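Participant:
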Amino acid sequence: MDAAPSSPAARVPDRTVPPPEVRTRLVQLLDPDGRRHEDPVLSPHVGDIGVEELCGLYRSMALARRFDEEATNLQRQGQLVLWAPMRGQEAAQVGSARALRPADHVFPTYREHAVAIERGVEPAELLTVFRGHSAGGWKPSRHHMNVYSIVLGCQVPHAVGYAMGIDLDRRAAEAEGREVEPSAAVVYFGDGTSTQGEVHEGMVFAASYDAPVVFFVQNNQWAISVPFSTQSRVPLAERAAGYGFEGIRVDGNDVLAVLAASRYALEKARAGQGPVLVEAETYRLGAHTTADDPTKYRLREDERHWAELDPLLRLEAHLREDHGTGDAFFDAVAADAQAFAEQARTHVLAMEPPSFEEFFDRTYAEPHPLVEEERAWYAAYQAGFDDDSPGGSQDDGGTGTAGPDRGTQAASLTVAADPVDGVPDERSAGTEEDLA
12 MDAAPSSPAA RVPDRTVPPP EVRTRLVQLL DPDGRRHEDP VLSPHVGDIG
62 VEELCGLYRS MALARRFDEE ATNLQRQGQL VLWAPMRGQE AAQVGSARAL
112 RPADHVFPTY REHAVAIERG VEPAELLTVF RGHSAGGWKP SRHHMNVYSI
162 VLGCQVPHAV GYAMGIDLDR RAAEAEGREV EPSAAVVYFG DGTSTQGEVH
212 EGMVFAASYD APVVFFVQNN QWAISVPFST QSRVPLAERA AGYGFEGIRV
262 DGNDVLAVLA ASRYALEKAR AGQGPVLVEA ETYRLGAHTT ADDPTKYRLR
312 EDERHWAELD PLLRLEAHLR EDHGTGDAFF DAVAADAQAF AEQARTHVLA
362 MEPPSFEEFF DRTYAEPHPL VEEERAWYAA YQAGFDDDSP GGSQDDGGTG
412 TAGPDRGTQA ASLTVAADPV DGVPDERSAG TEEDLA
């Protein structure tokens with residue numbers, strides 16, 4: 012049996028959808044066999060893409076896939092806490108990232124590994140998050156890419172707000188007679204996140220203020236275990252019309268179409284023509300995360316179908332048939348990808364966890380009295396595990412297995428600044444206010 016009878020894939024009801032003539036067309040420039048097609052709107056936006064650029068796109072996708080495989084292996088071996096595989100979505104991510112300029116700013120979810128690599132984020136920086144050593148991993152201003160958003164949907168209003176700021180800065184510069192480089196914000200999210208309220212709110216604001224933002228939806232067909240057919244009766248690109256801006260629907264396994272659509276959308280946004288939504292229809296070939304088992308809700312028949320539409324196989328076929336690219340190139344890419352993965356593994360195994368004390372320095376840019384109070388309490392708490400400390404000898408019979416009660420330790424700690432209304436000088440023990 013390919014799927015349990017109770018799984019969503021086995022019990023999706025028939026849906027009433029608009030007829031094909033009123034649905035957003037699916038743009039495809041490379042078909043599953045690698046044959047090139049032309050589109051009157053989008054083809055001009057990749058007119059400069061020759062064999063050299065196509066080889067570069069293939070190499071980026073191959074490196075990202077091998078890196079993704081290695082990260083999955085590392086998690087299975089206990090070296091990462093969790094991993095969100097991106098296998099199958101390489102064309103959507105690499106194609107869109109290649110359309111970005113350095114000044115554009117990216118707002119990702121937690122699966123945009125290929126985008127991060129294209130933006131110059133080092134694999135070691137990225138993997139510190141999944142190793143549990145960092146809540147961020149990299150400096151957003153250095154790569155013009157925010158850190159991963161674990162709370163899905165929150166990145167959409169963040170991106171729209173940033174885009175509104177871009178427009179305000181542009182207007183201020185024009186008023187002063189200065190020129191600024193046109194830029195835009197790009198926010199990535201999936202089909203599952205598209206049903207969250209933050210997405211609706213973000214799109215309302217983006218449309219109301221003509222914010223220079225591109226909403227890039229990777230429709231990988233599954234919101235964890237909920238199929239897309241349950242989430243929406245129409246392609247997501249059609250929702251853009253309800254907000255008053257353009258939506259484009261592309262084959263997300265066609266890196267050339269994704270690149271063209273992303274360039275088109277970004278050019279409009281940078282030119283002050285408002286937001287654009289790009290829906291890249293693809294498929295998550297792997298699990299939602301390494302904590303997920305997709306065999307519980309997906310049909311093997313569907314997985315086999317989408318595996319045949321693999322974005323790397325499609326571009327490889329095009330390169331071999333239309334450009335005569337031979338084994339030497341693909342062998343070299345495979346070797347580079349293996350070295351890239353091995354380097355990532357080496358970095359992970361060499362990582363040393365930060366001391367907990369370091370996190371007190373990351374809360375505020377400047378020293379803060381309440382943080383210093385917490386730092387002092389933590390130091391006293393840790394000291395309580397010492398066999399020679401009063402806590403070690405009195406609270407646990409000298410075994411060193413229990414720390415001091417917080418109330419005992421905190422009783423002598425006071426706020427090192429004038430009290431603020433509602434914030435006591437001394438904190439009581441055993442209450443949730445201690446963590447506020």
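Residue 419 in this note's numbering sits at position 408 of the sequence shown, and the numbers go up by one each step. Note that CB positions come from ideal geometry on N, CA and C, so glycine has one too. All of these numbers come straight from a predicted model, not from anything done at the bench.
Counting only the same chain and skipping the five closest in sequence on each side, list residues whose C-beta sits under 7 angstroms from that of His154.
Facilitator: Taking the sequence shown and counting its residues from 1, the one referred to as residue 154 is at position 143. The answer, listed in chain order, is Arg130, Gly131, Val132.
Participant: Taking 7 angstroms as the threshold (C-beta atoms), are Ala328 and Ala57 in contact?
Facilitator: The count along the sequence shown starts at 1 and reaches residue 57 at position 46. The count along the sequence shown starts at 1 and reaches residue 328 at position 317. A small correction: the amino acid at residue 57 is Val; Ala does not occupy that position in the sequence shown. Contact: no.
Participant: If distances are taken between C-alpha atoms only, which option among Pro364, Ala184, Ala355, Met362 comes closest to Glu80?
Facilitator: In the sequence shown, counting from the first residue as 1, residue 80 sits at position 69. When each option's Cα is compared against that of Glu80, the closest is Ala355.
Participant: Can you find at least 3 beta carbon pairs, one from the segment 306-325 and one from the segment 241-248, that sit closer than 8 angstroms?
Facilitator: Flag = no, the segment 306-325 and the segment 241-248 do not touch.
Participant: On the DSSP bridge assignment, give the partners of Glu292 in chain order.
Facilitator: Taking the first residue of the sequence shown as position 1, residue 292 is located at position 281. Answer is Asn230, Asp262.
Participant: So is Ser71 buried or exposed if we call it buried at 16+ other beta carbons inside 10 Å?
Facilitator: The residue given as residue 71 occupies position 60 in the sequence shown. So Ser71 ends up on the buried side.
Participant: Three-state secondary structure (DSSP) at Ala195?
Facilitator: Taking the first residue of the sequence shown as position 1, residue 195 is located at position 184. Note: Ala195 maps to coil in three-state DSSP.
Participant: In whole angstroms, what is the alpha-carbon distance linking Ala352 and Cys66?
Facilitator: The count along the sequence shown starts at 1 and reaches residue 352 at position 341. The count along the sequence shown starts at 1 and reaches residue 66 at position 55. Going from the Cα of Ala352 to the Cα of Cys66 covers about 19 angstroms.
Participant: Leaving out the 5 sequence neighbours to the left and right, which residues in its chain are closer than 7 angstroms to Met362 when beta-carbon positions are compared?
Facilitator: Within the sequence shown, numbered from 1, the residue matching residue 362 stands at position 351. Result list for Met362: Thr139, Arg142, His144, in chain order.
Participant: To the nearest angstrom, report how far apart His334 and Ser54 are at their CA atoms.
Facilitator: Locating residue 334 in the sequence shown gives position 323, where the first residue counts as 1. Locating residue 54 in the sequence shown gives position 43, where the first residue counts as 1. Near 18 angstroms, if we compare the C-alpha coordinates of Ser54 and His334.
Participant: Going straight from the alpha carbon of Leu323 to that of Asp202, what length do you get?
Facilitator: Within the sequence shown, the letter at position 312 stands for residue 323. Within the sequence shown, the letter at position 191 stands for residue 202. The alpha-carbon atoms of Leu323 and Asp202 are separated by roughly 22 angstroms.
Participant: How about the segment 284-303 and the segment 227-241: do they share at least three Cβ pairs that are nearer than 8 angstroms?
Facilitator: A contact exists between the segment 284-303 and the segment 227-241.
Participant: Return the CA-CA distance between Ser273 and Arg315, expressed in angstroms with no decimal places.
Facilitator: Working through the sequence shown from its first residue, we reach residue 273 at position 262. Working through the sequence shown from its first residue, we reach residue 315 at position 304. When rounded, the distance between both Cα atoms is 28 angstroms.
Participant: Whose C-beta lies closer than 7 angstroms to the C-beta of Glu332 among residues of the same chain, with five residues either side of it excluded?
Facilitator: Locating residue 332 in the sequence shown gives position 321, where the first residue counts as 1. Around Glu332: Gly45.
Participant: Report buried or exposed for Gln166, applying the criterion of at least 16 other Cβ atoms within 10 angstroms of its Cβ.
Facilitator: Within the sequence shown, numbered from 1, the residue matching residue 166 stands at position 155. Answer is buried; the Cβ neighbour count reaches 16.
Participant: Could you pull out every unbroken alpha helix (DSSP H) segment of at least 4 residues lying fully inside the segment 51-103, listed in chain order?
Facilitator: Taking only runs of at least 4 residues, the alpha helix (DSSP H) segments lying wholly in the segment 51-103 are 62-87.
Participant: For my contact list, Leu68 and Ala82 are in at a C-beta cut-off of 8 angstroms; report their separation, rounded to the angstrom.
Facilitator: One-based indexing of the sequence shown puts residue 68 at position 57. One-based indexing of the sequence shown puts residue 82 at position 71. Incorrect: roughly 21 angstroms between the Cβ atoms, too far for contact.
Participant: Would you decide whether Leu111 is buried or exposed? Buried here means 16 or more other CB atoms lie within 10 Å of its CB.
Facilitator: For the purposes of this step, residue 111 is taken as the residue at position 100 of the sequence shown. With 16 or more Cβ atoms within 10 Å of its Cβ, Leu111 is classed as buried.
Participant: Pull up the DSSP beta-bridge partners for Leu41, would you.
Facilitator: The count along the sequence shown starts at 1 and reaches residue 41 at position 30. DSSP lists Arg47 as partners of Leu41.
Participant: In the DSSP output, which residue or residues are listed as bridge partners for His5?
Facilitator: Residue 5 lies beyond the residue range present for the chain, which begins at 12 and ends at 447; the question has no answer from this structure.
Participant: Below 7 angstroms between beta carbons: does that hold for Leu320 and Pro43?
Facilitator: Residue numbering aside, residue 320 sits at position 309 when the sequence shown is read from its first letter. Residue numbering aside, residue 43 sits at position 32 when the sequence shown is read from its first letter. It is a contact, given that the beta carbons lie within the stated cut-off.
Participant: Alpha carbon to alpha carbon, what distance is there between Trp388 and Pro378?
Facilitator: Start at 1 with the first residue of the sequence shown, and residue 378 comes out as number 367. Start at 1 with the first residue of the sequence shown, and residue 388 comes out as number 377. Cα-Cα distance, rounded: 16 angstroms.
Participant: With DSSP as the reference, label Arg132 as helix, strand or coil.
Facilitator: Walking along the sequence shown from the start, residue 132 turns up at place 121. The question names Arg, but residue 132 is Val in the sequence shown. Looking at Val132 - three-state DSSP - the assignment turns out to be coil, as it is neither helix nor strand.
Participant: Could you check the C-alpha separation between Gln100 and Gln349 for me, to the nearest Å?
Facilitator: One-based indexing of the sequence shown puts residue 100 at position 89. One-based indexing of the sequence shown puts residue 349 at position 338. Looking at the two C-alpha atoms, the distance is approximately 19 angstroms.
Participant: Would you mind sorting Arg325 into buried or exposed? The rule is 16 or more other CB atoms within 10 Å of its CB.
Facilitator: As a working mapping, residue 325 is identified with position 314 in the sequence shown. So Arg325 ends up on the buried side.
Participant: Smallest Cα separation from Thr241: which of Thr206, Arg98, Asp265, Ala302?
Facilitator: Against the sequence shown, residue 241 aligns to sequence position 230. Comparing Cα-Cα distances from Thr241 to each of Thr206, Arg98, Asp265, Ala302, the minimum goes to Thr206.
Participant: Between Thr374, Glu369, His124, Ala302, which has its C-alpha nearest Gly89's C-alpha?
Facilitator: Here residue 89 refers to the residue found at position 78 of the sequence shown. The shortest C-alpha separation from Gly89 is found at Ala302.
Participant: For Thr120 versus Ser152, is the C-beta spacing smaller than 7 angstroms?
Facilitator: As a first step, residue 120 is located in the sequence shown; it is residue number 109 there, counting from the start. As a first step, residue 152 is located in the sequence shown; it is residue number 141 there, counting from the start. Not in contact: Thr120 and Ser152 (Cβ atoms no closer than 7 angstroms).
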